[in-house]
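To start, the structure itself, in structure tokens.
4 protein chains.
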Amino acid sequence: MDEASAEVQARVRASFESQGLMTHLGARLAHIGPGRVHIGLTSRPEVTQQHGYFHAGASSAIADSAGGYAALTVFPEGSSVLTVEYKINLLAPAEGDHLEAVGTVIRSGRTLTVCNLEVFAIQGTSRSHVATGQQTLIQIEARAER
Amino acid sequence: MDEASAEVQARVRASFESQGLMTHLGARLAHIGPGRVHIGLTSRPEVTQQHGYFHAGASSAIADSAGGYAALTVFPEGSSVLTVEYKINLLAPAEGDHLEAVGTVIRSGRTLTVCNLEVFAIQGTSRSHVATGQQTLIQIEARAER
Amino acid sequence: MDEASAEVQARVRASFESQGLMTHLGARLAHIGPGRVHIGLTSRPEVTQQHGYFHAGASSAIADSAGGYAALTVFPEGSSVLTVEYKINLLAPAEGDHLEAVGTVIRSGRTLTVCNLEVFAIQGTSRSHVATGQQTLIQIEARAER
Amino acid sequence: MDEASAEVQARVRASFESQGLMTHLGARLAHIGPGRVHIGLTSRPEVTQQHGYFHAGASSAIADSAGGYAALTVFPEGSSVLTVEYKINLLAPAEGDHLEAVGTVIRSGRTLTVCNLEVFAIQGTSRSHVATGQQTLIQIEARAER
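Chains as they are written, first to last, in the working numbering: chain A, 1 to 146; chain B, 1001 to 1146; chain C, 2001 to 2146; chain D, 3001 to 3146.
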């Protein structure tokens, strides 16, 4: 898989590391490509729902972040990104050693960007598709960002 | 606001307390009514994004849970609930002392239930509407639940 | 219900009448209020699905238009509106003499506006809720509109 | 592209032809494969919005139907399909000689099926991606269908 430029990777990592929630969940950046970002999350009791599977809130949080950073990789330097909205279908119980969320830019305009979101649960060599989503993001000036 | 029956409240609390993620985020059940559940989340660095506001992943996680438990209050005993999908619009930066997510049943059928999701950020006496969503849930037998 | 100003009503009517699809479906503007528009659609074979109910495509088309025009009522003169995305849940079979779609502005920003969409099926004096949705719209300059 | 069995094709065609709206819009079944259906729609004033492009309501109607019939191709004989909900992002003005909507099954369970929806506008040899969506459907017994 293609890697994004060093400048873009640094920009994404700096933002990711300043997100208290990503650190608190134990999420990590697994790949930063042009228009595509992967985020991993290892299973542990702190990210589960009542049956021991990954909580949909944890899957969605890393999916939303993967899409947001995928969008950021295609934005000009000095700009920032906000999620306008997203929709996610939970396809199957999220059971496994870890989750991988993949955000991919489908369309990037001057103002709005649309991403595809996919979440996979990995158990040993088996990889199951546990969620699929669609997200709209807005590009803003970094100084004006909220 | 109406309270759900003691049996229903106990059922919702037992499920909520077994969700590792809700505990890890610091979320709490604030109200359990018939067809309506409120979940609160206090601000702290562990639930923020890069600018110190609540992370959309945290808002969404409590909104999804509020809708899921609202659905559970209208289901028969011995049944369980799964989120099929949800869509959420982030209306404004989620800045405040705490968040309140409100899930309300709009329509409950034999198989599927649809909920409205709202998230408010509360700062002192000011309450701003920060997210609105719509969610589809499925009723399953508790023994068959995943 | 409040009526929008005469200028706004004229602007909405002019746009609606130039939409070939609305005329072809037989849809009509039923109410134009500030931030709220109602569109009606009478039942006839041309708008049905295979069981004689209103087709979801017809319900969605008038819901999308109701939201779009609701947004237009709150935009400044000389601006235009485009739907960015919408999500709709079909709650029940759309059976009746006519449909009424109601689009209501929830939040209107400088660039983006979010609307709530509801569709009701009316049969005599009975009114059933057949669809609920959520829509994101973007304000553009009329000269730049697409 | 693979074709569905003759029995499945006949089942899809029979349902499609009984949908008054599809005939009224001028939509046609362009391909019926296993888990994938294409629907075409030729440009004419009856399916436009105020600037002469295809109306989002027309794009959405054929996208929703393409997904519904894609689901039907994987269901057992004697069953029927209803759209539970869908979400669609309008990516670009839908301008061209005709539209092609493609519905593809992503996941099919005992009760629920999730489809991906894509709409393309074709102008001569140019094909542009004008909408992308995600849809949830429910399988019901044909006798119980609504």
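Yeah, the Cβ is synthetic: ideal placement off N, Cα and C, and Gly gets one too. Quick caveat, the model's predicted, so the values are computed rather than measured.
Exercise. Is the segment 3005–3020 of chain D close to the segment 2050–2068 of chain C, with three or more CB pairs under 8 angstroms?
Worked result: Between the segment 3005–3020 of chain D and the segment 2050–2068 of chain C there are three or more inter-stretch CB-CB distances shorter than 8 angstroms, so the stretches are counted as touching.
For this session: Kindly list the residues whose CB is nearer than 7 angstroms to the CB of leucine 2025 of chain C, restricted to its own chain and excluding five residues on each side of it in sequence; keep chain order.
Result: Leu2041, Val2047, Ala2058 and Ala2061
Exercise. What residue does the beta strand (DSSP E) around leucine 1041 of chain B start on, and which one ends it?
Worked result: 1036–1042
For this session: Give the interface partners of leucine 3112 of chain D over in chain B, defined as CB-CB distance under 8 angstroms, in chain order.
Result: Val1084 and Ile1138
For this session: Can you tell me which of the three DSSP states glutamate 1007 of chain B falls into?
Result: helix
Exercise. Alpha carbon to alpha carbon, how far is glycine 3096 of chain D from alanine 3030 of chain D?
Worked result: 17 angstroms
Exercise. Counting contacts by CB-CB distance shorter than 8 angstroms, is alanine 2144 of chain C in contact with chain D?
Worked result: In this prediction, alanine 2144 of chain C has a pLDDT of 49, which is less than 50 and means its spatial position is unreliable; nothing more can be read from the coordinates.
For this session: Name the two residues that bound the continuous beta strand (DSSP E) containing serine 1060 of chain B.
Result: From DSSP, serine 1060 of chain B is part of no beta strand (DSSP E) but of the alpha helix (DSSP H) over 1056–1074.
Problem set entry | Buried versus exposed call for glutamine 3139 of chain D [16 or more other C-beta atoms within 10 Å across all chains shown] | buried
For this session: Take glycine 3103 of chain D and list the residues in its own chain whose beta-carbon comes closer than 6 angstroms to its own, dropping the five residues that flank it on each side.
Result: Val3037, Ala3066, Gly3067, Ala3070, Cys3115 and Leu3117
Exercise. Using DSSP with H/G/I as helix, E/B as strand and the rest coil, what is alanine 2094 of chain C?
Worked result: coil
Exercise. How long is the line joining the alpha carbons of alanine 63 of chain A and serine 3080 of chain D, rounded to whole angstroms?
Worked result: 33 angstroms
Problem set entry | Short CB-CB distance (under 8 angstroms) between glutamine 1123 of chain B and chain F | Included in the structure are the protein chains A, B, C and D, with no chain F among them.
Exercise. Quick one: Cα of alanine 131 of chain A to Cα of arginine 2011 of chain C, how far?
Worked result: 43 angstroms
Exercise. What's the C-alpha gap between serine 128 of chain A and glutamate 100 of chain A?
Worked result: 10 angstroms
Exercise. Does any C-beta atom of chain A lie closer than 8 angstroms to the C-beta of asparagine 1089 of chain B?
Worked result: yes
Exercise. Interface residues of chain B around valine 47 of chain A at Cβ under 8 angstroms?
Worked result: In chain order: Gly1020, Leu1021 and His1024.
For this session: Please classify glutamate 2141 of chain C: does DSSP put it in a helix, a strand, or coil?
Result: strand
Problem set entry | Under the three-state DSSP convention, the category arginine 3127 of chain D falls into | strand
Exercise. What do you reckon, are the CB atoms on valine 1074 of chain B and valine 1105 of chain B nearer than 8 angstroms?
Worked result: Valine 1074 of chain B is a Cβ neighbour of valine 1105 of chain B, given a cutoff of 8 angstroms.
Exercise. Under the three-state reduction of DSSP, which class applies to glutamate 1085 of chain B: helix, strand or coil?
Worked result: strand
Problem set entry | Min CB distance arginine 1127 of chain B to chain C below 8 angstroms | Judged by the 8 angstroms Cβ criterion, arginine 1127 of chain B is not in contact with chain C.
Problem set entry | Limits of the unbroken alpha helix (DSSP H) element including glycine 78 of chain A | Segment: none, glycine 78 of chain A is in no alpha helix (DSSP H) and carries neither H nor E.
Exercise. Residues of chain D with CB under 9 angstroms from threonine 104 of chain A, in chain order?
Worked result: For threonine 104 of chain A, no chain D residue has a Cβ inside 9 angstroms of its Cβ, as the nearest lies near 12 angstroms away.
Exercise. Beta strand (DSSP E) containing histidine 51 of chain A: first to last residue?
Worked result: That residue, histidine 51 of chain A, is in no beta strand (DSSP E); it is neither H nor E in DSSP.
Exercise. DSSP state of glycine 1103 of chain B, grouped into three classes?
Worked result: Residue state, collapsed to three classes: strand.
Exercise. Which chain A residues are close to glutamine 1050 of chain B, counting only those with a beta carbon under 7 angstroms from its beta carbon?
Worked result: Ser15, Ser18 and Gln19
Exercise. Are any of the Cβ atoms in chain D nearer than 8 angstroms to that of glutamine 134 of chain A?
Worked result: yes
Problem set entry | Neighbour list for arginine 1044 of chain B in chain C, Cβ cutoff strictly below 7 angstroms | Neighbours of arginine 1044 of chain B on chain C: none; closest Cβ ~27 angstroms, over 7 angstroms.
For this session: Kindly identify the DSSP beta-bridge partner or partners of glutamate 118 of chain A.
Result: Beta-bridge analysis with DSSP links glutamate 118 of chain A to A/Val102 and A/Thr132.
For this session: With DSSP as the reference, label glycine 2020 of chain C as helix, strand or coil.
Result: helix
Exercise. Which residues does DSSP pair with threonine 2113 of chain C in a beta bridge?
Worked result: In the DSSP secondary-structure assignment, threonine 2113 of chain C is bridged to C/Ser2108 and C/Leu2137.
Problem set entry | Cutoff 8 angstroms: arginine 1107 of chain B Cβ touching any chain C Cβ | yes
Problem set entry | Local Cβ density within 10 Å of threonine 2125 of chain C, reported as buried at 16 or more and exposed below that | exposed
Exercise. Can you tell me the Cα-Cα spacing of arginine 3028 of chain D and arginine 3013 of chain D, whole angstroms?
Worked result: A straight line joining the alpha-carbon of arginine 3028 of chain D with that of arginine 3013 of chain D spans about 10 angstroms.
For this session: Express the C-alpha separation of glutamine 1009 of chain B and leucine 1137 of chain B in angstroms, rounding to a whole number.
Result: 19 angstroms
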